[in-house]
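Single-structure report; data block below.
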Amino acid sequence: MTETLLRTEIVRDEQRFAALSKEWDALAVRLETPLARHAWYMAALAALQQHMFELSVVLIWNGELLVAAAPLMLDKMHLPTRLVPIDAFAGEPFRLLYRDTEALGALAKACAGLK
Numbered sequence: 672m673t674e675t676l677l678r679t680e681i682v683r684d685e686q687r688f689a690a691l692s693k694e695w696d697a698l699a700v701r702l703e704t705p706l707a708r709h710a711w712y713m714a715a716l717a718a719l720q721q722h723m724f725e726l727s728v729v730l731i732w733n734g735e736l737l738v739a740a741a742p743l744m745l746d747k748m749h750l751p752t753r754l755v756p757i758d759a760f761a762g763e764p765f766r767l768l769y770r771d772t773e774a775l776g777a778l779a780k781a782c783a784g785l786k
């Protein structure tokens with residue numbers, strides 16, 4: 672994989688996130704846990720309906736292939752506002768999804784860019 676082909680997408684819209692099921696699960700299957708699957712994060716979003724948050728899901732693409740993802744949201748209920756995993760309220764460990772170390776490096780840079 673060549674880094675120059677990688678592109679970053681920040682998903683802030685629930686409809687866009689909902690449309691990523693196939694690509695997300697193709698990457699998440701590597702972790703061998705249902706808690707990394709797209710349906711888990713969609714259920715977490717549904718549970719957060721009364722919570723003030725803004726999606727900030729970080730995606731790294733190599734062409735049309737999703738190679739890394741960080742399921743994050745901006746928590747606006749607590750001050751100072753901060754980025755947290757979508758499923759933070761469940762007490763589950765945070766899971767980054769990535770295909771290889773190059774994709775993980777690109778994901779780390781993109782997440783750091785969110786400040």
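Residue numbers for the sequence shown follow this note's numbering, so the first one is 672 and each next one is one higher.
In this text, a Cβ means the ideal position worked out from N, Cα and C, and glycines have one as well.
- Here Asp684 carries a coil assignment [DSSP, helix/strand/coil].
- The beta carbons of Ile757 and Thr679 sit about 18 angstroms from each other, so the pair does not count as a contact at 8 angstroms.
- Within the DSSP secondary-structure output, Glu725 pairs in a beta bridge with Leu745.
- About 6 angstroms separates the beta carbons of Leu775 and Ala739, which is inside the 8 angstroms limit, making them a contact pair.
- Annotation: the continuous beta strand (DSSP E) that includes Leu754 extends over 753 to 756.
- For Leu726 against Met744, the beta-carbon gap comes to about 5 angstroms, under 8 angstroms, which counts as contact.
- The Cβ neighbour count for Val729, taken over all protein chains shown within 10 Å, is at least 16; the residue is labelled buried.
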